[in-house]
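First residue of the sequence shown: 66, per my numbering; consecutive thereafter. A virtual CB, placed ideally from N, CA and C, is assigned to each residue, including glycine. Worksheet: one structure, shown below.
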Amino acid sequence: MFSAEEVAAGEINHAIRFILPNSMIRAKKYVAPATHGTNTTGPMTSIPYGGHMRLRADYPIENLSPGAQVIAKALQKYGMYMSDGGNIALTAQSDVYGCATWDGVGVDPFSLEDLKATDFEVIDHGPTIDVTYECERTPIME
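So, in structure tokens, the structure goes:
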């Protein structure tokens with residue numbers, strides 16, 4: 066998750082996680098680097114767990130606020146990975162314990178609302194894997 070400190074510093078040096086409702090995640094499939102999936106119900110055209118998307122290089126980030134531009138640059142360089150089911154698309158670290166605040170860096174829940182799915186390209190990480198719920202645990206050795 067990215068933080069207000071990273072935005073204040075002007076750079077996020079990693080990919081960002083994103084989440085979608087289960088009905089929008091490809092049904093019972095995942096792709097590397099994910100290691101599992103869940104009981105999702107989305108169409109075959111939707112992204113699976115582990116899906117990697119990157120903001121198109123030609124997206125006009127100069128139309129965004131300065132704080133949102135920092136996030137958008139990370140989305141262009143590193144992209145984002147589909148990591149969970151839920152209703153908050155992008156999740157960031159809380160600013161409660163940090164030195165920078167979201168209000169202070171000018172980022173709020175609507176800062177990236179102009180971004181659309183068509184503004185992203187899907188990065189291929191290979192074939193999808195079926196969710197089987199057949200988990201094999203590896204014992205921890207001392």
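Item	Value
When you compare the region 170-177 with the region 129-140, are there three or more beta-carbon pairs, one atom per stretch, that lie closer than 8 angstroms?	yes
On the DSSP letters alone, give me the boundaries of the alpha helix (DSSP H) that residue 23 sits inside.	Given that the chain is displayed from residue 66 to residue 207, the structure contains no residue 23 and the question cannot be resolved.
Three Cβ pairs or more, each shorter than 8 angstroms: is that satisfied between the region 140-159 and the region 107-127?	yes
Determine the closest residue to residue 84 out of 69, 68 and 105, with distance taken between C-alpha atoms.	105
Report yes if the CB atom of residue 139 is closer than 7 angstroms to the CB atom of residue 66, and no otherwise.	no
Tell me whether the beta-carbon of residue 190 lies closer than 7 angstroms to the beta-carbon of residue 74.	no
Where do the N-terminal and C-terminal ends of the beta strand (DSSP E) with residue 120 fall, by residue?	117-120
If we count the other Cβ atoms within 10 Å of its Cβ and call it buried at 16 or more, is residue 93 buried or exposed?	buried
What separation, rounded to the nearest whole angstrom, lies between the Cα atoms of residue 129 and residue 175?	11 angstroms
Can you check the region 108-189 for any alpha helix (DSSP H) of at least 4 residues that lies completely inside it and give the ranges in chain order?	131-142
Distance, Cα to Cα, residue 165 vs residue 77?	14 angstroms
So residue 110 and residue 196 are supposed to be a Cβ contact under 8 angstroms. How far apart are they, rounded?	Actually they are not in contact, since the Cβ atoms of residue 110 and residue 196 sit about 17 angstroms apart, beyond 8 angstroms.
How about residue 113 and residue 82: do their beta carbons lie closer than 7 angstroms?	no
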